[in-house]
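Quick notes on the structure that follows.
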Amino acid sequence: MNNMFFLDEEKTKKCQVCERDIPESDKWCKYCGWVQHAVPSDPDTQYWDLNFVTLNKARQLYAAGKPVQPDFDDFLKCMQVYAELEFYCRGKHYGLLNMPNDTWDFYEWNVDIGCQTYGSIEEFAEKANIEGVLLKDLWNEVYDVGTAS
Ligand SMILES: [Zn+2]
């Protein structure tokens, strides 16, 4: 049996970033990676719904042919919304966790030693490092930013 007829009949909507047609029921856009906002949001300030840049920044990146990825400043702003984020750098997996006492733990995933603890997000931004190289200087080698899973 050929299901194409039914797929063609499925309702679609325009992705909020790339404006290509995606199934009405999908949140995640397979073309650009954007997760559709369920409710209207401020397109310049809000970091949420499993996205790591603002809506307008995602549109700019997409229009420029660049991946919809957060820069270091975006990442810091995301930490106002997400309690824990993870990412990869140079083949290793890292996480940043906002602890209940409002300190910030930066660690290599599933590695018990070498956790860096900072008293504020600003201190994390200034001092966090991977093997002595500041994270802010390494950020162009960071990929696959995500919510901790
Ligand atoms: Zn899209």
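Numbering follows the numbering used here, in which position 147 of the sequence shown is assigned residue number 288; successive positions increment by one, without gaps. Just so it is clear, CB atoms sit at the ideal spot from N, CA and C, and this is done for glycine as well. Only a predicted model underlies this, so the values are computations on that prediction, with no experimental measurement involved.
Inclusion of Glu225 and Ala266 in the CB contact set at 7 Å is not warranted, their separation being larger than that value.
Annotation for Leu276: Ala269, Asn270 place their beta carbon closer than 7 Å to its own, counting only its chain and skipping 5 residues before and after. Nearest in C-alpha terms to Gln221, of all of Gly174, Val283, Ile262, Asn281, is Ile262. Scanning Leu202, Leu279, Trp250 for the CA closest to the CA of Gly174 turns up Leu202. In the DSSP assignment, Pro164 is bridged to Thr153. Residue selection by CB proximity (closer than 6 Å to any heavy atom of ligand 1) returns Cys156, Val158, Cys159, Arg161, Cys170, Tyr172, Cys173, Trp175 in chain order. For the beta strand (DSSP E) assignment, the uninterrupted runs of no fewer than 3 residues enclosed by the segment 264-290 are, from N- to C-terminal side, 283-288. Fewer than three beta-carbon pairs drawn from the segment 239-259 and the segment 183-200 are found closer than 8 Å, and the two stretches are therefore not classed as touching.
Here the alpha carbon of Asp214 sits roughly 29 Å from the alpha carbon of Asp167. In this structure Val283 touches Phe228 by the C-beta definition: roughly 5 Å separates them, less than 8 Å. Residue state for Leu196 is assigned as helix, using DSSP reduced to three classes. Taking the Cα of Gly232 as reference, the smallest distance to any Cα among Tyr188, Asn242, Asp285, Lys154 is reached at Asp285. For the set Glu165, Phe193, Tyr188, Ala204, the Cα lying nearest the Cα of Cys159 is the one of Ala204.
With a cutoff of 7 Å on beta-carbon distance, Phe193 and Cys219 are scored as near each other.
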